[in-house]
Amino acid sequence: MNKFLCVCFVVVHTIMHGQNLKFNLSNTYINPFGANTDLVSFNPLFKLDNQVIINKTERKSIKHLPKELKGETLAYGFLFFEGNSASEFKKEVVFLVKDYNSSLASLYIDKNGNLDFTDDGLPIMFNKEELVISLKNENNASSAYHYKLGKSNITPNNTSSLKNRFASKYPNADIVDAKYWLTNQRLSVKLSKHTLNGKPITILLNDTSADGIYTFDTSDFGDRIVIFEGHIDANKDLSSFLRLGEPIDKNAVFMLFGKKYGVKHINQQGSVLEIEETDMRTSIKTKVGSNVSGLSIELLDGNTINLNDLIANDNYLLLDFGGTWCGGCIMQEPTIKKVFKTNKVNIVGIFDYDTKISVNNYVKKHDIKWPVALMTHQLKEMFSVNAYPTYILIAPNKQIVMIEFKSENILKHFQ
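If you read the sequence shown in this note's numbering, its first letter stands for residue 594, the second for the next number, and so on.
Below, the structure written as structure tokens:
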């Protein structure tokens, strides 16, 4: 895929005020897995009938259509967006697609969420393989959340199964042929390269909340900041760095070239960041090389197992963090089963945002042969899990050797 950069990379000058440092951050928005990632989410399209929009649970009528759309055959779709609390569909933006079955499709995005498609500006021509769109925050028009949209190019032998998978989620909507669907990537990460006392650093802001602004939130889906030494290639996977992210406030402390720096201020747009030297502690996060000898896990059946049990006979241990709701986890499950069949690794599946009932049903349906558990606060804090699936591989010496989001990389380790 082509790389999307809002502006060219530049090393931004640092303004120093005693112990304080101010950075003007560049507007470079990329996917957490890097600008060249091929990981995408499918955007199903639905046939518009009688000007009624139907999502998973609701149906609502369009208030106004542009004149040029009246009488046209249209499709519609949804994008997740938290930046408009007044949207008719909560946490979603609706878009219409004219000529969805041709190479000259055009998008009409209901940017303000009122289902009036006459007050959102001009349509966007989708005559290329990829298209970047911006969704502005309702309270801060200079801040936006960014998506990269693409053509699905789904092969004919996969269209039926994919359509059936989404049909169960949208039981009352009329799904169009999957070959006309779109794909999307969330460009949630803002990357900015700088220097600190003449040495290179990189600043990452992750708009995990998907609302177009950067605010303090300690929840799992709150925004995060990461500052680390050196410059990174935007094409590379950033997920290992994002695991080290901290909620955006004064308690976010990073060790840089032997000194600790805390966040003093950042504006909502994420365009200006101030840091200062501090004597506060940095948080301790597990990473590749960390020893996790104290690990114990309470399984779904009520039994508790410790690390010594799990790495017996010089086996590795794979912690598979996911959920029954996680499409990416389900897609990668066949590869994890291949890992299990190597007989070189024990696996524990850890399910987040689930219940005993949902996990038990999943285990039976997917014929899971390894023990499973529900996510706990202790496990989430210990391993800094904020994306799913996350695979953490622990060697017989009780050290973490891999933290991965792609199961195929785990399998390669044992081949």
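Cβ atoms here follow ideal geometry from the backbone N, Cα and C, with glycine treated the same way. Please read all numbers here as calculations on a predicted model, not as lab measurements.
Under the DSSP assignment, residue 932 falls in the alpha helix (DSSP H) whose first and last residues are 920 to 934. Taking 8 angstroms as the cut-off, the Cβ atoms of residue 832 and residue 737 do not count as close.
When rounded, the separation of the alpha-carbon atoms in residue 974 and residue 951 is 23 angstroms.
Assigned with DSSP and collapsed to three states, residue 844 falls in coil, not helix or strand. Taken through DSSP and simplified to helix, strand or coil, residue 685 comes out as strand. Taken through DSSP and simplified to helix, strand or coil, residue 858 comes out as strand. Contact between residue 932 and residue 911 is confirmed by a C-beta separation of about 6 angstroms, below the 8 angstroms threshold. Contact annotation: residue 820 and residue 849 have beta-carbon atoms nearer than 8 angstroms. Shortest Cα-Cα distance from residue 926 to any of 936, 956, 646 involves 956. The segment 646 to 658 and the segment 852 to 862 do not touch, with fewer than 3 CB-CB distances between them shorter than 8 angstroms.
By the neighbour-count criterion, in which 16 or more other beta carbons inside 10 Å mark a residue as buried, residue 627 falls on the buried side. When rounded, the separation of the alpha-carbon atoms in residue 796 and residue 860 is 14 angstroms. One Cα belongs to residue 691, the other to residue 727, and the distance between them is close to 19 angstroms. Bounds of any beta strand (DSSP E) do not take in residue 904, whose DSSP letter is neither H nor E. DSSP places residue 758 within a helical segment (H, G or I) once states are collapsed to three. Inter-residue distance for residue 930 and residue 868 is about 46 angstroms (C-alpha atoms, whole angstroms).
The beta-bridge partner set that DSSP reports for residue 733 consists of 730. Taking a cut-off of 8 angstroms on C-beta distances, the segment 773 to 787 touches the segment 627 to 644, as three or more cross pairs fall below it. Contact annotation: residue 813 and residue 676 have beta-carbon atoms that are not nearer than 8 angstroms. Here the C-alpha atom of residue 948 lies approximately 14 angstroms from the C-alpha atom of residue 895.
Burial state of residue 982 is buried, judged by a 10 Å Cβ sphere holding 16 or more other Cβ atoms.
Annotation: residue 748 to residue 884 spans about 44 angstroms, alpha carbon to alpha carbon.
Here the alpha carbons of residue 703 and residue 822 stand approximately 41 angstroms from one another.
When secondary structure is reduced to three states using DSSP, residue 616 falls in the strand class. The C-beta distance from residue 745 to residue 772 rounds to 7 angstroms, short enough to meet the 8 angstroms contact threshold.
Closest in C-alpha terms to residue 716, from the list 701, 708, 722, 724, comes 701.
Of the residues assessed, residue 799 falls on the buried side of the cut-off, its CB having 16 or more other CB atoms within 10 angstroms. C-alpha of residue 699 to C-alpha of residue 640: approximately 15 angstroms in a straight line.
The C-beta of residue 865 has fewer than 16 other C-beta atoms within 10 Å across all chains shown, which makes the residue exposed.
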